[in-house]
Ligand SMILES: [Zn+2]
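Structure, rendered in structure tokens:
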């Protein structure tokens, strides 16, 4: 006896046997019961979700000798004939192989004749979107005035390619991808009936690779059976025939990438590719793996797959930063797009893996933030340059080339004589007044409440004369060092008798404090700081600001509101 493929042997013959698609089945059964069957249906949805299977069940339901019935018998001559494809009144057209006008013209000519053995003539047109424009026109003529004894069932994976004139004449059903659990259940039934021995992990793998297509799942199961030489089919068998890359290989690859061992990573990649795996499939497998890593990092969700329970995986997923995962995903996604237009797919993937392994190519969020901060400083500095100087700078080639921001920053001629100096800060640190600092600290919430630009402000140091505050960016610090902000803030602290305030960006503040503390701890009671690169301009009185007010009202002046 010849072997019949599983997907044929286990093609559902009744509505009950169809995996998933419950709302569609319910609607079709009702239509049959209430004698409200439409003249044309469109079954749209991904491949292998049961569209043509459902069409044939529908044909049986309408024509069964005991029908029309929502539960065809599969015993009578007509039901059996439809299953075998020998009933002339149920006509299957595969538009993918017959995209000519002739086929449809023939259909149009024959449609008027009454069915020979059935109650209804059922035309099932599979992959209907493949019809040519001429064929669509011919079909439309028939759909416009369908004889009462004819029912059309059009099936397609790409409904958007079907002309609106056709769509508007069909009752449309959208088939959903079969859920993994439904699929596993069906696969288990099949394996039980066929007495196939297979591990749970292998079944799960078959289901997840088939992406909602039941036919694909059964075909993959079939291939795994043929391939396996063991008593029981396992994951390795499924992997071998599916062309997917094992998660263990991917984990090993990514661990080398993470360690910047590009040569070792390429070795693993080559082993994977030498097994004949398709490049785009390898890329999307790595992306799926990384997506699972992200899910694990966010929710600690672990997939039921065996690999995700192993220590090696869990420590990798915990260790790798989210930013790095995003970076890998971006590089892989670019690669996936690039290889569409080249024959050098392998080289592109290899380059991608090298890029992933290269730390210097990593643009993570942190370094991006640093660059933005640095750019902010640059802009702020430019604003504060006399106009003539700015013009000169524009004429210089500095901005005509794409230069990393950090470099631009370093190259800028900077007038440090106008800036807060390390020595200024040093004086305050060496004359710190703890009590006064505490008082200043207690006043900050009220200040921020009225002045949300200062959100996140910290007190760095306070002496009898001077308070130093920390803000996140150089830009905001420079804004605070100018009127009316500066005078308003100083007025706010008027009762404390402070003569000046400084604002220092967090990066500098952290570095300075660290410098100070390490010298202090080493026994120096009045440490002299190293020189720090503070690019915040000192206060210069620029306009008249009332010094008599207590500050808070002025905090709301129009200039400030504009700034925010
Ligand atoms: Zn029957």
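Residue numbers (this note's numbering): 1 to 564.
In this text, a Cβ means the ideal position worked out from N, Cα and C, and glycines have one as well.
Hey, how far is the Cα of residue i from the Cα of residue j?
{"i": "residue 167", "j": "residue 94", "result": "18 angstroms"}
{"i": "residue 33", "j": "residue 317", "result": "55 angstroms"}
{"i": "residue 157", "j": "residue 128", "result": "9 angstroms"}
{"i": "residue 82", "j": "residue 322", "result": "55 angstroms"}
{"i": "residue 513", "j": "residue 428", "result": "12 angstroms"}
{"i": "residue 537", "j": "residue 326", "result": "38 angstroms"}
{"i": "residue 380", "j": "residue 470", "result": "18 angstroms"}
{"i": "residue 160", "j": "residue 264", "result": "46 angstroms"}
{"i": "residue 67", "j": "residue 275", "result": "53 angstroms"}
{"i": "residue 91", "j": "residue 328", "result": "51 angstroms"}
{"i": "residue 105", "j": "residue 132", "result": "12 angstroms"}
{"i": "residue 541", "j": "residue 490", "result": "13 angstroms"}
{"i": "residue 290", "j": "residue 250", "result": "9 angstroms"}
{"i": "residue 475", "j": "residue 294", "result": "34 angstroms"}
{"i": "residue 21", "j": "residue 194", "result": "25 angstroms"}
{"i": "residue 331", "j": "residue 347", "result": "14 angstroms"}
{"i": "residue 29", "j": "residue 70", "result": "5 angstroms"}
{"i": "residue 466", "j": "residue 444", "result": "15 angstroms"}
{"i": "residue 4", "j": "residue 185", "result": "21 angstroms"}
{"i": "residue 231", "j": "residue 14", "result": "33 angstroms"}
{"i": "residue 531", "j": "residue 417", "result": "13 angstroms"}
{"i": "residue 424", "j": "residue 324", "result": "40 angstroms"}
{"i": "residue 566", "j": "residue 534", "result": "Since the first residue shown for the chain is 1 and the last is 564, residue 566 is missing from the structure and cannot be characterised."}
{"i": "residue 484", "j": "residue 457", "result": "18 angstroms"}
{"i": "residue 280", "j": "residue 296", "result": "24 angstroms"}
{"i": "residue 147", "j": "residue 115", "result": "11 angstroms"}
{"i": "residue 564", "j": "residue 497", "result": "With a pLDDT of 37 at residue 564, under the threshold of 50, the modelled position of this residue cannot be trusted, and the question is left open."}
{"i": "residue 519", "j": "residue 527", "result": "6 angstroms"}
{"i": "residue 45", "j": "residue 190", "result": "24 angstroms"}
{"i": "residue 374", "j": "residue 260", "result": "27 angstroms"}
At a cut-off of 8 angstroms, is residue i close to ligand 1 when judged by its beta-carbon and the heavy atoms of the ligand?
{"i": "residue 60", "result": "yes"}
{"i": "residue 66", "result": "yes"}
{"i": "residue 74", "result": "yes"}
{"i": "residue 352", "result": "no"}
{"i": "residue 118", "result": "no"}
{"i": "residue 78", "result": "yes"}
Looking at the unbroken beta strand (DSSP E) that takes in residue i, where does it start and where does it end?
{"i": "residue 92", "result": "90-94"}
{"i": "residue 125", "result": "121-126"}
{"i": "residue 500", "result": "500-505"}
{"i": "residue 462", "result": "458-462"}
{"i": "residue 236", "result": "Note, residue 236: premise wrong, no beta strand (DSSP E); alpha helix (DSSP H) at 235-242."}
{"i": "residue 471", "result": "466-471"}
{"i": "residue 43", "result": "40-44"}
With distance defined between alpha-carbon atoms, name the residue in the options nearest to residue i.
{"i": "residue 435", "options": "328, 447, 464 and 537", "result": "464"}
{"i": "residue 503", "options": "515, 492, 478 and 521", "result": "478"}
{"i": "residue 196", "options": "175, 228 and 115", "result": "228"}
{"i": "residue 350", "options": "184, 266 and 19", "result": "266"}
{"i": "residue 192", "options": "6, 70, 459 and 78", "result": "6"}
{"i": "residue 75", "options": "16, 494, 60 and 88", "result": "60"}
{"i": "residue 488", "options": "520, 459, 447 and 505", "result": "447"}
{"i": "residue 78", "options": "119, 103 and 221", "result": "119"}
{"i": "residue 200", "options": "169, 178, 236 and 175", "result": "236"}
{"i": "residue 153", "options": "107, 163, 58 and 335", "result": "58"}
{"i": "residue 53", "options": "63, 526 and 12", "result": "12"}
{"i": "residue 494", "options": "45, 439 and 24", "result": "439"}
{"i": "residue 253", "options": "356, 205, 203 and 175", "result": "356"}
{"i": "residue 210", "options": "189, 190, 244 and 234", "result": "244"}
{"i": "residue 539", "options": "354, 419 and 170", "result": "419"}
If you follow the alpha helix (DSSP H) that residue i is in, where does it begin and where does it stop?
{"i": "residue 326", "result": "322-338"}
{"i": "residue 265", "result": "262-274"}
{"i": "residue 36", "result": "Per DSSP, residue 36 belongs to no alpha helix (DSSP H) and is neither H nor E."}
{"i": "residue 356", "result": "345-357"}
{"i": "residue 257", "result": "247-258"}
{"i": "residue 20", "result": "First-last for residue 20: undefined, no H or E at that position."}
{"i": "residue 450", "result": "Premise fails: residue 450 is in no alpha helix (DSSP H) and is neither H nor E."}
{"i": "residue 318", "result": "311-319"}
{"i": "residue 586", "result": "Because residue 586 is not part of the residues shown, which for the chain are 1 to 564, the question remains open."}
Got a sec: does ligand 3 put a non-hydrogen atom nearer than 8 angstroms to the Cβ of residue i?
{"i": "residue 142", "result": "Among the ligands in the structure shown, ligand 3 does not appear; only ligand 1 can be found there."}
Ordered list of alpha helix (DSSP H) runs contained in the segment 139-225, each at least 4 residues: Taking only runs of at least 4 residues, the alpha helix (DSSP H) segments lying wholly in the segment 139-225 are 164-167, 180-194 and 200-209.
Entirely enclosed alpha helix (DSSP H) segments - the segment 474-539, minimum 4 residues: Segments of the alpha helix (DSSP H) lying fully in the segment 474-539: 474-480, 485-492 and 506-521.
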